[in-house]
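-10 is the number of the first residue of the sequence shown in the numbering used here; add one for each residue after it.
All C-beta atoms in this analysis are idealised placements derived from N, C-alpha and C, irrespective of residue type, glycine included.
Only a predicted model underlies this, so the values are computations on that prediction, with no experimental measurement involved.
Take a look at the structure set out below.
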Amino acid sequence: MTDQLPLTRIPAEPARAEAIRAAVRSALLPLGSGFELGRLDHAEAFFKLVGDPAVNDPIATLPRPITLETCRGFIKDRIAAKARGEGLLILMVGDGGRIVGYQDIAVWPEWSAAALGGAIHPDAQGSGRGRAGARRAFDWIFETLGVDLICETASLDNIRSRKIMEGAGFSYRGEIDLALPGGGARRSRYWELTRPEWIAFRDAHPVGPKASAGAIRG
């Protein structure tokens, strides 16, 4: 994830930043069947998911070109980020080891902030699952990782992500030129959500049982 983010930067106390790093490093996924931390042996199945233009086109953080080798590198980078306490790659694994979705969580402990990216296969979209899962994921990031801010970006034509942000209480902050991993930039919409804003929104708009680490966006 680009070091441009977050736009709002309130330095965390050193002890708070280290607590966030520790939470990321030790994060467990009591998610039940089907959710796993990304491993290198997932690379082929991950490539089959994100190699689909319907999946990868809106996502700025994926490597280009998307090949099996660059997918291995992407997973390796996320494993290293977890070891530093700066990120998590969570995969939704279906029947036969097929990966049907993923969550790419970037964390900036020094700013007590995080961002949630990812995708779900088109077969599973359009049912409301993505919106409800995203809300549970935001709750998990605030409660389990302990950050105070979540920021999000989406391409100008990404209506689905815009609806997710609007449906989770995010504040729209305008457009930015988001740096791409392979160079260049993409004009993107940008949103932020603070912990107090999320708590107020969540309590006013319940979607079911209180979220746990098992509920991540699809």
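Within the DSSP bridge table, the entry for Val82 names Ile88 as partners.
The continuous beta strand (DSSP E) containing Arg162 extends over residues 160 to 168. Counting along the chain, no beta strand (DSSP E) covers Leu51, and no H or E run does either. Note: Gly76 is bridge-paired with Ala95 in the DSSP secondary-structure output. Per the DSSP secondary-structure output, Trp180 pairs in a beta bridge with Glu141, Tyr161. With distances taken between CA atoms, Glu186 lies nearest to Gly158 out of Gly158, Arg178, Val196. With contacts defined by Cβ atoms closer than 9 Å, Ile165 and Thr183 do not form a contacting pair. Rounded to the nearest whole angstrom, the C-alpha separation of Ala12 and Asp41 is 33 Å. In terms of CA proximity to Arg125, His194 leads the group Leu51, Asp84, His194, Arg28. The distance from the Cβ of Gly106 to that of Ala8 is about 23 Å, inconsistent with a contact at the 8 Å cut-off. Residue environment: Pro98 is assigned as buried (16 or more neighbouring CB atoms within 10 Å of its CB, all protein chains considered).
Beta-carbon to beta-carbon, Ser144 and Arg175 are separated by about 6 Å, close enough to satisfy the 8 Å threshold.
If you compare the alpha carbons of Lys37, Gly27, Ala43 with that of Ala69, the shortest gap goes to Gly27. Secondary structure of Arg28 (DSSP, three-state): coil. Between Ala189 and Asp128, the alpha-carbon positions lie close to 12 Å from each other. With 16 or more neighbouring CB atoms inside 10 Å of its own CB, Glu181 falls in the buried class.
Nearest Cα to Ile109 within the set Leu(-6), Trp100, Asp93: Asp93.
With respect to the C-alpha of Pro(-5), the residue from Ala103, His31, Ile79, Phe131 having the closest C-alpha is Ala103.
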